[in-house]
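Once you know that position 657 of the sequence shown is 659 in the numbering used here, the rest is easy, because the numbers rise by one and skip nothing. Glycine included, each C-beta is placed from N, C-alpha and C at the ideal position. As the structure is a prediction and not an experimental result, all values here were calculated from the model. Each remark here refers to the structure printed beneath this line.
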Amino acid sequence: MPVSLSTRILPGDPLIYLHGLGPTAARTLQSIGIRTIQELAEYLPRDYEHYGKPITIGSLQKPSDSPVLICAQVISINNRQSYRRRLTIQEGLLSDESGSLAVTWFNQPYLVEQLSGKIAFLRGKVGLYKGTLTLESPELVRDPSIALGKNTVQPIYPLSGKITSKQIRYWIKQALDVVSRTPDILPPHLKEQLRLPDRVPALRELHFPTTDAARELARKRMTFEELFLLSLFVLRERASLTQVHARPIPLVPELLREFVGLLPFALTNAQRKAAWQIVQDLAQPHPMNRLLEGDVGSGKTVVAAMTLLACASAGGQAAVLAPTVILAEQHYVTLQQLLRPFGIKIGILVSDHPDIKKTKDHLAKGKLDIVIGTHAVLKPSVQFKRLQLVIVDEQHRFGVKQRQLLKTKVRLPNHLPHLLSMTATPIPRTLALTLYGDLDLSVLDQKPKQRQPVATKVLQKKSQALLFAKIKKVASRGEQVFVVYPLIDASDKVSARALLDEYQDLCTELSGISVGLLHGRMSDQEKNQTILRFKQGEFAVLASTPVIEVGIDIRNATLMVVMSAERFGLAQLHQIRGRVGRGSQPSECLLIPDAATDKTRKRLELLCSTDDGFALAEADLEMRGPGEPFGTKQHGQISFKFATVLDSRVLAQAKETAVELLQNDPGLRSWPLLRQRVDRVATQMHLE
Ligand code: ADP
Ligand code: MG
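The following block contains the structure:
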């Protein structure tokens, strides 16, 4: 039964070295990110199947939906052709000491020879066939440990389709054997101190659990390892940044004071504090690496503008990177307004822009102080004369590779520009400090004072008339409305409302009111035009897909309508809602679900009850429960195999342990295996 593989096969080898795993299966596994034997060993089951112990035929009284395991002799078995249904049926009789039972299979004629007269372990559902109890298409259980009721719990893997869990089990057993040939990566004293089991037994337990307690401990061990590797990685990154230089940008308090004086509002304390932390960082001879975290509408752009002002006034150049062209255009307009009085020259660099060549030329010659664009600004063809600052909007973490790219943009050896990342995704502080431990954190935990919370309500789909009346009323006050649909056009796969399907009806219903249209299939130029026209008040209503989700700032918009609201995640709905309530007028958000299960109703109600992104994020974590991995979209690109949102204690433990270990041995010289794994963390956790 268990094959023995050549001892020369190592964990890092490709999957096809495993017995019974061919190129097609290897390709399928590769498509879900499993390339090596090691990675297969770490592929976790999504659930377990309970095989139970064999029972006697005599104890079967009625049909049963859950499969039973039987050990019996196959007294007779014959093939029968069913011409009508175009298949062959294998009919047989099983017998044990307690009685006999009919059995059927379909299209497995070879079973006749294989099983005739034999004693076999068979597992299947019991149904009624022609009035008698029958074991239906049972699985032939060949693994003696399952058959005898020892390993009664068997894993079921997420992968479905052509590859069965039974096949995966067979490969995983081999993979575990291969992996067991290499030593553990955790230092023994840590395992002892934290009472964690060894690696391979832990993995084995996760696939083929013996008890719930042992499985939980195994999961803890792998979670610890994962978070420990990440902690070591971020701490090492952080330490390495202190070895890199940056041109210090001197502090100019008078200039910043002047800037603040020109604003039509007073800064919040949180903005003031963040700006202060940032300019302190800029004055250092090492690169700033700071994350500015602030809920939607907390005013991150003004803080960015102050950072840019400090840089430009010191003669440095800066780049602002936005996730979309729309947002780049918006920043361009806003920052120009804010920085115009200081004679700062700003250019924009997005594809299809007529001035690309000129902008590049001016950047290289140092005639521009600031360039705003998408990540394309980092392309090799874009050269700077004196790049000293990079601001990245709506991204938590700048990848390792991206940072390497920045190095090439600075003309001095071993130098990096100062870096400020900005995000509206509320990450609870403890989580942020570990996940982004290589970044310093500034939090805008206050919203501008005159800002009023967005009154949020759930509206039933059937109340269309009410909705249209509301939109008309808002428009008649000269204010503006967003109507968001989850889809562009109708789809067979997802039942949700679609923009292009309903746009005409919306226009008809709102006759006399101009309705704009915005979606992701429009060209960047069309999108920008539309946003600009909306901003200028050319139409009162903008019907859109979630392309408006991030960052768009239209202060006159006071009503947000979300169709098929249950289709969106909480964080996303909060972002979408954040597009209104940015001025001083009261604003409203109407969530219109198609159908609401208890769970979605609870989610939408949560949104109605609070406007605080942090509170929402935490409630969301709790609601999603233990199964949910950390690395969902909510928390950026990091993807975890083992850790879940409820593992905050293990997270803290992993971080503490990492700090201690690095204190004694910064280069991890005593633990070469561990060091190798840390080197690979960036690739494996998608931190690139
Ligand atoms: P976000 O943090 O979501 O990027 P923005 O920077 O776009 O938010 O700011 C949202 C709006 O709030 C903008 O119109 C901005 O001018 C305004 N704003 C920023 N700071 C303040 C403040 N302290 N008081 C009043 N309004 C402010
Ligand atoms: Mg913003």
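First through last residue of the alpha helix (DSSP H) which encompasses R259: It spans 255-264 - the alpha helix (DSSP H) in which R259 sits, taken as one unbroken run.
Collapsed DSSP secondary structure at Q636 in the structure displayed: Residue confidence is low: Q636 scores 40 on pLDDT, short of 50, so the model does not pin down where it sits. Its coordinate-derived value is still stated next. Three-state DSSP puts Q636 in a helix.
Burial state of F108 (16 or more Cβ within 10 Å): By the neighbour-count criterion, in which 16 or more other beta carbons inside 10 Å mark a residue as buried, F108 falls on the exposed side.
Whole beta strand (DSSP E) elements within the segment 552-601, 3-residue minimum: If we require 3 residues or more, the beta strand (DSSP E) runs fully inside the segment 552-601 come out as 559-565, 590-594.
N- and C-terminal bounds of the alpha helix (DSSP H) containing A378: First-last for A378: undefined, no H or E at that position.
Whole runs of the alpha helix (DSSP H) within the segment 439-513, excluding any shorter than 4 residues: Listed in chain order, the complete alpha helix (DSSP H) runs (minimum 4 residues) inside the segment 439-513 are 466-478, 501-511.
P674, buried or exposed, once every other Cβ within 10 Å from all chains shown has been counted against 16: P674 comes out exposed.
Whether A434 touches T376 by CB criterion (8 Å): Their beta carbons are not under 8 Å apart, which means A434 does not touch T376 by this criterion.
Residue environment, E607, which counts as buried when at least 16 other CB atoms sit within 10 Å: It is exposed - the Cβ of E607 has fewer than 16 other Cβ atoms within 10 Å.
Start and end residues, alpha helix (DSSP H) containing R206: Unbroken alpha helix (DSSP H) run through R206: 201-209.
Whole-number beta carbon distance between I393 and A306, since they are thought to touch under 8 Å: Yes, A306 and I393 are in contact; Cβ-Cβ is about 5 Å, under 8 Å.
Buried versus exposed call for S611 [16 or more other C-beta atoms within 10 Å across all chains shown]: Label assigned to S611: exposed.
Q169, enclosing alpha helix (DSSP H) - first and last residue: Segment 167-181, the alpha helix (DSSP H) holding Q169.
Chain-order list of residues whose beta-carbon lies under 6 Å from that of F123 (same chain, five-residue window excluded): If you ignore the 5 residues before and after F123, its C-beta comes within less than 6 Å of the C-beta of C73, V143, A149, all in its own chain and listed in chain order.
With 16 other Cβ atoms within 10 Å as the buried cut-off, status of H420: By the neighbour-count rule (16 or more Cβ atoms within 10 Å), H420 is buried.
Of the listed residues T547, G480, S516, R479, nearest to D503 (C-alpha basis): Considering only alpha carbons, the answer is T547.
Inter-residue spacing [alpha-carbon to alpha-carbon] between G35 and A216: In a straight line, the C-alpha of G35 is about 27 Å away from that of A216.
Q448 to D614 span [Cα, whole Å]: Between Q448 and D614, the alpha-carbon positions lie close to 10 Å from each other.
Contacting residues, own chain, Cβ-Cβ under 6 Å from S182 (five flanking each side not counted): If we look at S182 and ignore the five residues flanking it on each side, its Cβ neighbours are V202.
Euclidean distance between Cα positions of P47 and G22: In a straight line, the C-alpha of P47 is about 20 Å away from that of G22.
Closer than 7 Å: K168 CB and nearest the ligand ADP heavy atom: Flag unset: Cβ of K168 not near the ligand ADP.
First and last residue of the uninterrupted alpha helix (DSSP H) at A314: It spans 302-315 - the alpha helix (DSSP H) in which A314 sits, taken as one unbroken run.
Where the alpha helix (DSSP H) containing V661 begins and where it ends: For V661, the uninterrupted alpha helix (DSSP H) run begins and ends at 650-666, by DSSP.
Check: F67 C-beta below 7 Å from any heavy atom of the ligand MG: Residue identity check: residue 67 is Asp in the sequence provided, not Phe. It does not: the Cβ of D67 is nowhere closer than 7 Å to a heavy atom of the ligand MG.
Nearest candidate by alpha-carbon position, reference I515, set L489, Q538, Q482: It is Q482.
Nearest-angstrom Cβ-Cβ length linking G518 and F541, presumed shorter than 8 Å: Indeed, because the Cβ distance is near 4 Å, the residues count as touching under 8 Å.
Collapsed DSSP secondary structure at R86 in the structure displayed: Shown here, R86 sits in coil according to DSSP, grouped into three states, outside any helix or strand.
Of the listed residues L294, G299, A277, nearest to A312 (C-alpha basis): Here the closest residue by C-alpha is A277.
Beta-ladder partner(s) of Q110, from DSSP: Residue pairing by DSSP places Q110 opposite no residue, since no beta bridge is assigned to it.
Touching by the beta-carbon criterion (3+ pairs, under 8 Å), the segment 287-302 and the segment 264-276: Three or more Cβ pairs drawn from the segment 287-302 and the segment 264-276 lie within less than 8 Å of each other, which places the two stretches in contact.
Any non-hydrogen atom of the ligand MG within 7 Å of T303 CB: At least one heavy atom of the ligand MG is nearer than 7 Å to the Cβ of T303, so yes.
E239 to R223 span [Cα, whole Å]: Distance between the alpha carbons of E239 and R223 is about 24 Å.
Identity of the residue in S33, H355, E228 nearest V680 by Cα: Of the candidates S33, H355, E228, the one whose C-alpha sits nearest the C-alpha of V680 is E228.
For R413, the three-state DSSP class (helix, strand or coil): DSSP places R413 in coil when its eight states are reduced to three.
S6 beta carbon near the ligand ADP (any heavy atom closer than 7 Å): Judged by the Cβ position, S6 fails to qualify as a neighbour of the ligand ADP at the 7 Å threshold, every heavy atom of the ligand being at least this far.
Buried/exposed call for Y112, threshold 16 Cβ in 10 Å: Burial call: exposed.
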